[in-house]
Each structure stands twice: as C-alpha cells, then as structure tokens.
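Inspection log for the structure reproduced underneath, given as structure tokens.
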Amino acid sequence: MPTRVYKGYGAEAAVFLAARRRLAIRSYPVLPPERGQVRLRLLRSGICGTDVHILAGRLALPGRELILGHEFIGAVEALGSPRLRDGLGLRLRQGDRAIACVARPCGRCFNCRRGETASCLAFGVTYLRDPGEAPHFHGGFAEQLHSPAGNLVRIPRGVDLDAAAAFPCAGPTAIRAFDFAGNLRRGELVVVQGSGPVGLFAAAWAARAGCVVVVIGSGSNPARMKLARRLGARLVLDYRKVDAPARLKAVRALAARLGRGDGADVVFEASGAPTAIPEGLNLVRTLGRYIVPGQYSSSGGVEIQPQLITFKAIRIVGSGQYKLADVGAYLRFLAADRGLQRIFAACITHRHPVGEAAAALAAAAEGRAVKAVLVPR
Ligand SMILES: [Zn+2]
Ligand SMILES: [Zn+2]
Numbered sequence: 119m120p121t122r123v124y125k126g127y128g129a130e131a132a133v134f135l136a137a138r139r140r141l142a143i144r145s146y147p148v149l150p151p152e153r154g155q156v157r158l159r160l161l162r163s164g165i166c167g168t169d170v171h172i173l174a175g176r177l178a179l180p181g182r183e184l185i186l187g188h189e190f191i192g193a194v195e196a197l198g199s200p201r202l203r204d205g206l207g208l209r210l211r212q213g214d215r216a217i218a219c220v221a222r223p224c225g226r227c228f229n230c231r232r233g234e235t236a237s238c239l240a241f242g243v244t245y246l247r248d249p250g251e252a253p254h255f256h257g258g259f260a261e262q263l264h265s266p267a268g269n270l271v272r273i274p275r276g277v278d279l280d281a282a283a284a285f286p287c288a289g290p291t292a293i294r295a296f297d298f299a300g301n302l303r304r305g306e307l308v309v310v311q312g313s314g315p316v317g318l319f320a321a322a323w324a325a326r327a328g329c330v331v332v333v334i335g336s337g338s339n340p341a342r343m344k345l346a347r348r349l350g351a352r353l354v355l356d357y358r359k360v361d362a363p364a365r366l367k368a369v370r371a372l373a374a375r376l377g378r379g380d381g382a383d384v385v386f387e388a389s390g391a392p393t394a395i396p397e398g399l400n401l402v403r404t405l406g407r408y409i410v411p412g413q414y415s416s417s418g419g420v421e422i423q424p425q426l427i428t429f430k431a432i433r434i435v436g437s438g439q440y441k442l443a444d445v446g447a448y449l450r451f452l453a454a455d456r457g458l459q460r461i462f463a464a465c466i467t468h469r470h471p472v473g474e475a476a477a478a479l480a481a482a483a484e485g486r487a488v489k490a491v492l493v494p495r
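Residue numbers for the sequence shown follow our numbering, so the first one is 119 and each next one is one higher.
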C-alpha cells in the first residue's frame with residue numbers, strides 16, 4: 119500500500135520512488151500554467167504495460183522521483199498563453215478534452231528532419247522532472263497535469279471518454295506499425311499474436327479494414343478472449359490449449375478456405391514474448407508481412423530459422439513509437455464508429471482514484487484487468 123508522505127492543499131499525484139520501486143501518494147499545490155503550457159484536470163489516466171515494466175525494475179528511467187503515466191486524458195482548465203493550439207494545429211479552449219502525449223521528438227535529428235518523428239534519435243519525455251519542482255504535475259498518474267500545448271491532441275465531440283481511454287497508447291502504436299508495413303487490404307488474413315491492449319486494438323483495426331482476423335491469446339483472462347471476438351476476430355485461439363502445430367494448421371486451413379496463400383498475409387506480433395517470433399515466421403505466408411511492434415522490453419533471446427525469411431521472402435517490419443498524427447488517426451477511427459466505442463468502453467475493467475494507483479497497477483500487472491485507469495475522486 120502506498121503511504122501518504124505529505125498531505126497538503128492541492129491535488130494528488132502518485133509519485134514513483136525509483137530506488138524503492140514503489141508509489142507514494144503526495145499532494146502538491148495547483149499552479150497556473152507556464153507560457154506555452156496547458157493545465158488539465160484528470161478525466162482518465164491509463165495504466166500501460168510500460169508502467170508495469172518500470173515498476174518491476176525491468177525498464178530504468180533517470181531520476182529518483184517522478185510521476186509516471188503517459189496515457190493522461192484531461193479537461194483543459196487553464197492556458198499559459200492565449201490562442202494555444204494542440205499538436206495537430208487545433209485551437210485549445212477551456213473545457214476541451216485532450217489526450218496528453220509525453221514523447222518529445224527533438225525536431226533536429228536525421229529522422230525528425232524527414233518527418234519520421236516516431237523514430238527520433240534523441241527523444242525527450244515530458245514527465246522526467248522531479249515532482250518537487252513547480253508546477254509539480256509533470257506526469258499522468260495525478261489529478262492534474264501541466265503539458266506543453268504541442269503534446270496535446272484534442273478529442274473530437276462525440277467520442278466517448280472511456281472509449282478514448284481504452285487504447286490511447288496501444289492504438290497509435292498499432293496504427294504506426296500497420297502504416298510502416300504498407301497498411302492492410304480488404305480480404306487479407308491477419309493473425310494477431312497477443313491479446314493485450316496492442317493486440318486487441320490491432321484486431322479491431324484489421325477487422326474494420328475488411329480483413330479476416332485470427333487472435334492468438336491467453337485464456338488466462340477470458341474477458342480478453344471474449345473482447346477479441348466482439349472486436350471482430352473470426353477465430354480466437356488460446357495458446358495454452360491449442361499448441362503451436364495446431365495453431366499453424368488452423369491458420370493454414372483458414373488461408374486455404376479463403377483462397378489465400380500458404381499462411382497469413384500479415385502476422386502482427388503484440389504479445390511481447392520472444393517465443394512468438396519463430397512462430398510468426400511460420401504463420402506468415404510466402405511474400406507476407408511480419409509486423410513486430412510488441413517486443414517492448416528486453417526479455418531475452420530466441421532461436422529462429424533465418425532461412426524462412428529468405429525462402430518465403432518475408433518482409434519483417436518493426437515499429438517502436440508513434441507520432442501525434444497517429445493519435446489523431448486513433449480518435450478519427452473511434453469517432454466514425456459508435457458501436458466500436460461501446461466495445462472499447464467495455465475494455466475498461468478497473469477504475470481507481472489516484473490515491474489507489476498501486477491497486478490499478480497491480481490489476482494491470484497481474485493480468486486481471488483488460489484496461490485499468492485512474493479516475494477523479
Ligand atoms: Zn503506453
Ligand atoms: Zn529527432
């Protein structure tokens with residue numbers, strides 16, 4: 119349980135104490151935003167797998183104390199300068215809802231100069247500041263957030279808050295990866311490895327692109343398997359019950375029935391398990407695309423059969439970060455489909471106030487949650 123180290127007047131934040139790998143709930147004064155900055159009031163703040171990795175010590179960050187959380191959605195309370203615009207050029211006004219992104223591409227490196235800001239060579243992150251330093255609320259696990267206006271993406275009217283909060287990081291991650299791989303064509307067979315947020319979103323995206331979708335997931339959380347179906351997967355395979363040879367057989371049989379080639383047109387790796395890679399190389403068809411955005415932390419190596427890449431002429435496409443335009447694409451995708459919004463909203467299974475951030479992180483870490491979010495008190 120987190121301890122209340124200091125309880126003053128203001129708003130609460132869950133501060134990550136790096137040395138002890140735990141959270142402390144602290145209160146800081148709510149200050150006016152600095153020039154070019156926007157202060158937002160918490161509406162939803164998602165727990166991401168990355169946060170779980172950081173808390174478990176598998177991903178190191180500089181700094182002794184910081185406020186984690188990069189999936190903050192808030193209502194604009196105050197603007198630090200008149201006529202501020204969000205990262206996509208839209209005017210921001212009090213009361214607007216916006217997603218706050220934390221990545222700060224440098225704008226000057228080889229990749230940024232070519233518009234490839236998702237692959238910046240000198241990324242900064244807005245939340246790497248000591249919360250003791252004013253205006254205190256630098257990260258997402260808090261009741262307030264101070265963000266540069268250019269890191270915000272305004273949420274269009276008609277987009278449900280819970281729906282937007284379901285995949286604000288996983289969605290753009292998948293969208294960028296699909297884009298790098300030349301996107302999808304109607305009728306393609308797409309196998310998604312993994313039933314976490316990135317995998318579930320990828321399944322929804324592919325199904326709505328008119329593809330036939332297979333999800334290989336873990337039945338340890340049956341809610342995820344059910345959601346994969348609701349999001350449009352034709353076939354959902356529990357990897358604990360259906361072994362790798364049977365999975366390969368099922369995918370090849372489906373490809374044959376659909377009149378496709380010797381496997382899936384596209385395999386999308388969203389499990390983060392290195393062992394998924396040799397299987398993906400088997401599942402993808404000759405001349406198919408293998409998209410790999412899911413290997414987010416170092417989980418060791420794995421043996422592959424490189425001749426498969428050669429003989430099947432497989433295109434392997436990696437993808438790490440996303441750009442603000444991908445967040446815009448995520449919101450447009452949602453805005454266009456009310457039915458999908460209802461299913462996305464149902465993905466939020468755990469809600470906790472900031473003071474119970476540790477409980478929300480535990481629900482995510484133990485796989486009990488499809489999506490855990492922090493909400494206002
Ligand atoms: Zn994330
Ligand atoms: Zn750069």
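Beta carbons: idealized from backbone N, C-alpha and C, even for Gly.
Quiz prompt | Residue from Val316, Leu492, Val488 whose Cα sits closest to the Cα of Tyr414 | solution = Reading the sequence shown from its first residue, position 296 is the one you call residue 414. Nearest of Val316, Leu492, Val488 to Tyr414, Cα basis: Val316.
Quiz item: Applying the criterion that 16 or more other CB atoms from any shown protein chain within 10 Å of the CB defines a buried residue, is Ala199 buried or exposed?
Solution: Stepping through the sequence shown from its first residue, residue 199 is reached at position 81. Note that residue 199 is Ser in the sequence shown here, rather than Ala. So Ser199 counts as exposed.
Quiz item: Going by beta carbon distance, what residues of the same chain come within less than 6 Å of Gly305, once the five residues before and after it are set aside?
Solution: Residue 305 sits at position 187 when you count from the first residue of the sequence shown. Cβ neighbours of Gly305 beyond the five flanking positions: none.
Self-check item: First and last residue of the uninterrupted alpha helix (DSSP H) at Pro363
Solution: For the purposes of this step, residue 363 is identified with residue 245 of the sequence shown, where counting begins at 1. That run of the alpha helix (DSSP H) goes 362-375.
Self-check item: Where Ile273 falls: helix, strand or coil (DSSP)
Solution: As a working mapping, residue 273 is identified with position 155 in the sequence shown. In this structure, Ile273 counts as coil in the three-state DSSP scheme.
Quiz item: Which partner residues does Pro200 have in the DSSP bridge list?
Solution: Indexing the sequence shown from 1 puts residue 200 at position 82. Note: Pro200 sits in no beta bridge, so no partner.
Quiz item: Does at least one heavy atom of ligand 1 sit under 7 Å from the Cβ of Cys219?
Solution: Sequence index remark: in the sequence shown, residue 219 carries index 101 (1-based). Outside the cutoff, so no.
Practice problem: Measure the alpha-carbon distance for Trp323 versus Gly250 and round it to whole angstroms. | Solution: Here residue 323 refers to the residue found at position 205 of the sequence shown. Here residue 250 refers to the residue found at position 132 of the sequence shown. Answer to the nearest angstrom: the Cα atoms are 41 Å apart.
Quiz item: How would you label Gly233, buried or exposed, when you count the other beta carbons within 10 angstroms and need 16 or more for buried?
Solution: Your numbering for residue 233 matches position 115 in the sequence shown. Counting Cβ neighbours within 10 Å, Gly233 comes out exposed, since fewer than 16 surround it.
Quiz item: What do you get for Lys430, buried or exposed, if any count of 16 or more other CB atoms within 10 angstroms of its CB means buried?
Solution: Taking the first residue of the sequence shown as position 1, residue 430 is located at position 312. That one is buried.
Practice problem: Pick helix, strand or coil for Ile185, following the three-state DSSP scheme. | Solution: What you label residue 185 is simply residue 67 of the sequence shown in a count that begins at 1. Residue state, collapsed to three classes: coil.
Exercise. Measure the alpha-carbon distance for Ile409 versus Gly300 and round it to whole angstroms.
Key: Your numbering for residue 409 matches position 291 in the sequence shown. Your numbering for residue 300 matches position 182 in the sequence shown. So the alpha carbons of these two residues sit roughly 10 Å apart.
Quiz item: Going by other Cβ atoms of all chains shown within 10 Å of its Cβ, with 16 needed for buried, is Ala374 buried or exposed?
Solution: The count along the sequence shown starts at 1 and reaches residue 374 at position 256. Label assigned to Ala374: exposed.
Exercise. Could you say if the region 364-382 and the region 394-410 meet the contact criterion of at least three C-beta pairs nearer than 8 Å?
Key: Result yes; three or more Cβ-Cβ pairs closer than 8 Å.
Quiz prompt | Cβ-based neighbour list, Ser417, same chain, cut-off 8 Å, excluding 5 preceding and 5 following | solution = Looking up residue 417 in the sequence shown gives position 299. Here the set comprises Gly390, Ala391, Pro392.
Self-check item: Of the listed residues Ala464, Val472, Gln262, Pro471, nearest to Ala487 (C-alpha basis)
Solution: For this step, residue 487 is matched to residue 369 along the sequence shown. Nearest of Ala464, Val472, Gln262, Pro471 to Ala487, Cα basis: Ala464.
Practice problem: Could you tell me which residues DSSP pairs with Ala131 in its beta bridges? | Solution: To locate residue 131, count along the sequence shown from 1; it is residue 13. Partner(s): Arg144, Ala260.
Quiz item: Taking three-plus beta-carbon pairs below 8 Å as touching, is the region 279-292 in contact with the region 446-458?
Solution: yes
Self-check item: Gln262, buried or exposed, once every other Cβ within 10 Å from all chains shown has been counted against 16
Solution: In the sequence shown, counting from the first residue as 1, residue 262 sits at position 144. Answer is buried; the Cβ neighbour count reaches 16.
Quiz prompt | the region 224-239 contacting the region 151-167, beta-carbon criterion three pairs below 8 Å | solution = no
Quiz item: Going by the C-beta, is Asn229 closer than 7 Å to any heavy atom of ligand 2?
Solution: In the sequence shown, residue 229 corresponds to position 111, counting from 1. At least one heavy atom of ligand 2 is nearer than 7 Å to the Cβ of Asn229, so yes.
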